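Okay, so the sequence shown: first residue is 1 according to the numbering used here, each after it adds one.
Ideal placement from N, C-alpha and C gives every residue a C-beta, glycine not left out.
Given the structure is predicted, the values throughout are model-derived calculations rather than measurements.
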Amino acid sequence: MGYYCLRCKRIVEITTEYQVIRCPYCGYRALRKERPKVMVKKVKAV
Ligand SMILES: [Zn+2]
Numbered sequence: 001m002g003y004y005c006l007r008c009k010r011i012v013e014i015t016t017e018y019q020v021i022r023c024p025y026c027g028y029r030a031l032r033k034e035r036p037k038v039m040v041k042k043v044k045a046v
């Protein structure tokens with residue numbers, strides 16, 4: 001899972017073991033889920 005901090009805008013990797021989601025860099029508690037990049041479906045030509 002990837003999150004980014006709303007304050008310092010750093011990407012934070014959070015494991016689900018932690019109930020409290022907090023930025024390890026600045027201690028900010030507001031993290032947003034990292035937007036998934038455009039999903040590229042690669043279809044293999046048969
Ligand atoms: Zn932060």
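Nearest-angstrom Cα separation, counted from residue j out to residue i
| i | j | result |
| --- | --- | --- |
| Ile-21 | Val-43 | 37 Å |
| Arg-32 | Gly-2 | 9 Å |
| Tyr-25 | Cys-8 | 8 Å |
| Arg-29 | Ala-45 | 46 Å |
| Val-12 | Lys-41 | 26 Å |
| Val-34 | Tyr-4 | Correcting the residue identity first, residue 34 is Glu in this sequence and not Val. Near 6 Å, if we compare the C-alpha coordinates of Tyr-4 and Glu-34. |
| Leu-6 | Ile-14 | 14 Å |
Sheet register partners of residue i (DSSP bridge)
| i | result |
| --- | --- |
| Val-12 | Tyr-3 |
| Arg-22 | Answer by DSSP bridge pairing: none, since Arg-22 is not bridged. |
| Arg-61 | In the structure as shown, the chain starts at 1 and stops at 46, and residue 61 therefore has no counterpart that could be examined. |
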